[in-house]
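The block underneath contains the structure these notes are about, expressed in structure tokens.
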Amino acid sequence: PANATAVFQARQLGIPNFSMLVSHVRVPPVLDALLSAPDVHVQGFLLAGHVCAVMGFWEYHPLVARYRVPMVVTGFEPLDVVHGIRMCIRQLEEGRAEVENAYPRVVVEDGNRPALAIINEVFEACDRNWRGIGTIPGSGWQLRPAYALYDAARRFAVSHIQTQESPLCRAGDVLKGVLKPNECPAFGKECTPRKPLG
-17 PANATAVFQA RQLGIPNFSM LVSHVRVPPV LDALLSAPDV HVQGFLLAGH VCAVMGFWEY
43 HPLVARYRVP MVVTGFEPLD VVHGIRMCIR QLEEGRAEVE NAYPRVVVED GNRPALAIIN
103 EVFEACDRNW RGIGTIPGSG WQLRPAYALY DAARRFAVSH IQTQESPLCR AGDVLKGVLK
163 PNECPAFGKE CTPRKPLG
């Protein structure tokens, strides 16, 4: 929302020397791609509370209905995380698959409507490349044509720059639950928090 507001205001004020390189992502298409993969081993998801505070969690209901995998909106305080894990495990033990909100003090199902309005005014969905997975349709955001003047990728002709994915990176397998992070041969060696492969 803050980035959308900045671009919106730049256009409203006629500021020509402002641009943004957009790399925002949309989570539901990624979860759909992961869950539709034949080798996925994920049994449940903790949905990021800060994302759901803006976007809501209404888009996850069809995914849960289709794939029968529990999803729990969770905050980031230690007790929030434990509570979200507990709710997810309880669903698994009871044979349920639902979207549950373990973070109701911040998140509502419909999200933040004013924030969503500015996001939808300025951005539109686009395809995005994901490390270890490939391109996922509709999993990113890009500036709408009306705001193209502020698109740094167009303005500075940098869209041809591509990152080279390391052959050692197993992020896609980690995301699908095929590997635990510490089972990746590069974990803690070639790939560290300070110098990730991706």
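By this note's numbering, the letter at position 92 of the sequence shown is numbered 74, and the numbering carries on one by one without gaps.
Built from N, CA and C at the ideal position, the CB exists for glycine as well.
Exercise. What residues are listed by DSSP as bridge partners for R110?
Worked result: I118
Problem set entry | Nonlocal neighbours in the same chain, by C-beta distance under 7 Å from C108, ignoring five residues either side | G122, W123 and Q124
Exercise. Would you call the CB atoms of V46 and A79 closer than 9 Å?
Worked result: yes
Exercise. Do you know how far the Cα of R137 is from the Cα of Q146?
Worked result: 23 Å
Exercise. How would you call T117, buried or exposed, if buried means at least 16 neighbouring beta carbons within 10 angstroms?
Worked result: exposed
Exercise. Would you call the region 73 to 93 and the region 24 to 42 touching, i.e. three or more CB-CB distances under 8 Å?
Worked result: yes
Exercise. Three or more C-beta pairs closer than 8 Å, one from the region -9 to 7 and one from the region 51 to 71: is that the case here?
Worked result: no
Exercise. When you compare each of V54, Q(-6), M69 and V7 to L28 by their alpha carbons, which one comes out closest?
Worked result: V54
Problem set entry | I100 CB to nearest heavy atom of the ligand PLP below 8 Å | Ligands are entirely absent from the displayed structure, and the ligand PLP is therefore not among its contents.
Problem set entry | Reference P11, options Q144, G120 and Y49, closest by Cα | G120
For this session: Just the C-alpha distance for A97 and L157, rounded to the nearest angstrom, thanks.
Result: 28 Å
For this session: Below 8 Å CB to CB, which residues in the same chain sit around A168 once its five sequence neighbours on both sides are set aside?
Result: S148, L150, C151, R152 and L179
Exercise. Any idea if D194 is buried or exposed, counting beta-carbon neighbours within 10 angstroms, 16 or more meaning buried?
Worked result: Past the boundaries of the shown model lies residue 194; the chain is included only from -17 to 180, so the question cannot be answered.
Exercise. Which two residues bound the contiguous beta strand (DSSP E) that contains V(-11)?
Worked result: Looking at the DSSP string, V(-11) is not in any beta strand (DSSP E); the run it does join, the alpha helix (DSSP H), is A(-16) to L(-5).
Exercise. Does the beta-carbon distance from I115 to G170 come in below 9 Å?
Worked result: no
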